[in-house]
Amino acid sequence: MERPNYTQDYDKVLRSLYRAIIFLSSFAVVLALGLIYYGLMGNPFAPKQSPPVVDTQQKQPVSRSAAAADERIEDGIHLATGLRVADGFEVVRANCTGCHSGKLIAQNRATRDGWQEMIRWMQRTQGLWELGGNEDTILNYLAANYAPQEIGRRASLDVEAIEWYILEE
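For the sequence shown, position 65 (counting from the first letter as 1) is numbered 67 according to this note's numbering, and the numbering increases by one without interruption.
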């Protein structure tokens, strides 16, 4: 009588177990990424909301969360948003910070045409609503306060004024 080969059966069980572990771990990774995505991006199936309407004459807060935020202004910067306070600030705050941080605006630089192209991109791909008469106010504000800056070269070194020394080994 022939003895059964238990090592082959054991190998089959191990391969099946390995496949199950790979499948479950892949599923867990996909599930975790989905939860992270929906947590960061929100529900993509939810209807788009229009921005809050702001009466720029009364300078009322944009929302409850903005009212609860730090409304102080230091060195011309609104602390809650990180934006410069200038003509058009309230309109930019009402239309832009409902979707993203004002600090995202402040870290970018562009010409008026560049800002307009960014707005068009947001309208094409991100669901930004038509800005109507506010668009000129927004573009004027962005072009005046967040235009490209000329960054020149550093000053030349004054070789005569440098104290030179020899490194010893």
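The beta carbon of each residue, even a glycine, is placed where N, CA and C say it ideally should be. Nothing here was measured: the structure is a model prediction, and the numbers come from that model.
query, result
"Cβ-based neighbour list, Q151, same chain, cut-off 7 Å, excluding 5 preceding and 5 following", "R111"
"Rounded Cβ spacing between R114 and A145 (contact assumed at less than 8 Å)", "4 Å"
"Among A157, C101, R155 and I107, the one whose alpha carbon lies nearest that of L130", "C101"
"Sequence ranges, alpha helix (DSSP H) only - wholly within the segment 73-137, length at least 4", "91-98, 104-108 and 114-127"
"Expected contact under 8 Å - CB spacing of A96 and Y143 to nearest Å", "With 8 Å as the limit, A96 and Y143 do not qualify as a contact, their Cβ atoms being about 12 Å apart."
"Assigned exposure category for Y167 - 16 Cβ within 10 Å defines buried", "exposed"
"Local Cβ density within 10 Å of R86, reported as buried at 16 or more and exposed below that", "buried"
"Option nearest E106 by Cα separation, candidates G84, E170, N147 and R74", "Sequence inspection shows Leu at residue 106; the Glu mentioned does not correspond to that position. The shortest C-alpha separation from L106 is found at G84."
"Span separating the alpha-carbon of L33 from that of I24", "14 Å"
"Counted within 10 angstroms of its Cβ, other Cβ atoms place A82 as buried (16 or more) or exposed", "buried"
"Rounded separation between G181 and V161 - CA only", "Residue 181 is absent from the model: the chain starts at 3 and stops at 171."
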